[in-house]
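Numbering (our numbering), first residue to last: 74 to 341.
Backbone N, C-alpha and C define an ideal beta-carbon position, used for all residues, glycine too.
Below is one structure; the comments refer to it alone.
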């Protein structure tokens with residue numbers, strides 16, 4: 074995961090729960106970096122993501138694999154970048170990005186002055202990457218309308234096996250579909266402001282085969298395409314020739330339509 078949230082890093086808390094009642098404090102497994110929030114490279118989840126240009130791909134590639142923290146000690150930034158990876162059980166669970174209420178002893182009014190869960194998700198995945206894998210949450214932006222906003226993402230995770238015929242290797246990973254719900258937090262119902270990912274492992278599995286077309290089949294298809302072009306061109310030429318002949322009432326016939334005797338008479 075690689076998420077930037079518009080709140081200070083010193084009050085960010087990340088916790089993972091699952092259906093087996095296991096609680097994992099992942100703060101020690103993730104990296105926290107104070108940064109400035111930049112939403113220019115993202116898109117809303119309701120928008121259809123356009124095909125990436127070379128510059129956009131190159132920009133993301135430079136900061137992939139979790140870039141190192143900046144060394145400027147005195148720099149003050151309003152947002153916090155949370156990135157890294159951690160293991161989860163293959164059961165239904167939650168990942169919550171909230172605040173450290175008890176540690177700082179802040180009341181609700183004080184928290185409202187600090188909270189702004191506007192965020193951008195640069196990467197959110199389950200398992201290893203394989204070619205052409207699409208993670209729906211990558212590049213998603215959400216802008217908070219108030220300080221007590223809560224975002225819930227519901228993910229259906231499907232175990233996936235990627236097999237490559239060219240290399241003979243296989244990758245065990247996952248892909249997912251997602252829906253979003255945004256609203257206002259409710260402390261009485263145990264729903265604090267924050268970002269919550271609710272994931273569920275589907276009882277099915279997919280296998281993706283990466284198979285390239287043999288060169289012999291490519292030649293056969295190429296010949297078929299060229300033959301189709303030749304036939305189509307000949308057909309169009311015949312139709313155009315007959316159309317022009319009818320339009321001229323046969324007075325301006327071409328050589329192919331003229332009798333041989335007429336040609337000899339013209340020459341004599």
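Residue closest to residue i, alpha-carbon to alpha-carbon, out of the options
| i | options | result |
| --- | --- | --- |
| residue 103 | 74, 152, 231 | 74 |
| residue 92 | 288, 306, 296, 271 | 271 |
| residue 90 | 165, 152, 100 | 165 |
| residue 196 | 233, 189, 248 | 248 |
| residue 52 | 202, 298, 309 | There is no way to answer for residue 52, as the model of the chain reaches only from 74 to 341. |
| residue 228 | 309, 301, 254, 285 | 254 |
| residue 155 | 218, 80, 259, 264 | 80 |
| residue 159 | 300, 189, 101 | 101 |
| residue 88 | 314, 293, 313, 268 | 268 |
| residue 151 | 109, 314, 187 | 109 |
| residue 205 | 282, 265, 215 | 282 |
| residue 257 | 218, 294, 284 | 218 |
| residue 266 | 111, 188, 77 | 188 |
| residue 194 | 264, 231, 111, 296 | 111 |
Euclidean distance between Cα positions of residue i and residue j
| i | j | result |
| --- | --- | --- |
| residue 86 | residue 191 | 15 Å |
| residue 252 | residue 226 | 6 Å |
| residue 246 | residue 234 | 6 Å |
| residue 287 | residue 162 | 41 Å |
| residue 106 | residue 113 | 19 Å |
| residue 207 | residue 243 | 18 Å |
| residue 240 | residue 284 | 10 Å |
| residue 82 | residue 153 | 5 Å |
| residue 176 | residue 200 | In this predicted model, residue 176 has a pLDDT of only 45, less than 50, meaning its place in the structure is not dependable enough to derive any value. |
| residue 220 | residue 275 | 34 Å |
| residue 301 | residue 293 | 12 Å |
| residue 97 | residue 157 | 14 Å |
| residue 279 | residue 84 | 40 Å |
| residue 94 | residue 259 | 22 Å |
| residue 311 | residue 305 | 10 Å |
| residue 222 | residue 277 | 34 Å |
| residue 298 | residue 216 | 50 Å |
| residue 309 | residue 295 | 21 Å |
| residue 78 | residue 264 | 18 Å |
| residue 313 | residue 291 | 33 Å |
| residue 99 | residue 224 | 19 Å |
| residue 303 | residue 238 | 35 Å |
| residue 198 | residue 307 | 53 Å |
Three-state secondary structure (DSSP) of residue i
| i | result |
| --- | --- |
| residue 300 | helix |
| residue 238 | coil |
| residue 83 | helix |
| residue 284 | coil |
| residue 316 | helix |
| residue 289 | helix |
| residue 294 | helix |
| residue 132 | Residue placement at residue 132 is flagged as unreliable, the pLDDT there being 48, under the threshold of 50; the coordinate-derived value follows with that caveat. In this structure, residue 132 counts as helix in the three-state DSSP scheme. |
| residue 310 | helix |
| residue 147 | With a pLDDT of only 40 at residue 147, under the threshold of 50, the placement of this residue in the model should not be trusted, and no figure is reported. |
| residue 107 | strand |
| residue 101 | helix |
| residue 187 | helix |
Contact the segment 156 to 176 vs the segment 209 to 218: 3+ CB pairs below 8 Å: In short, these stretches do not touch, since the Cβ pair count stays below three.
Contiguous alpha helix (DSSP H) assignments of at least 4 residues, all confined to the segment 194 to 245: Fully contained in the segment 194 to 245 is no alpha helix (DSSP H) run of length 4 or more.
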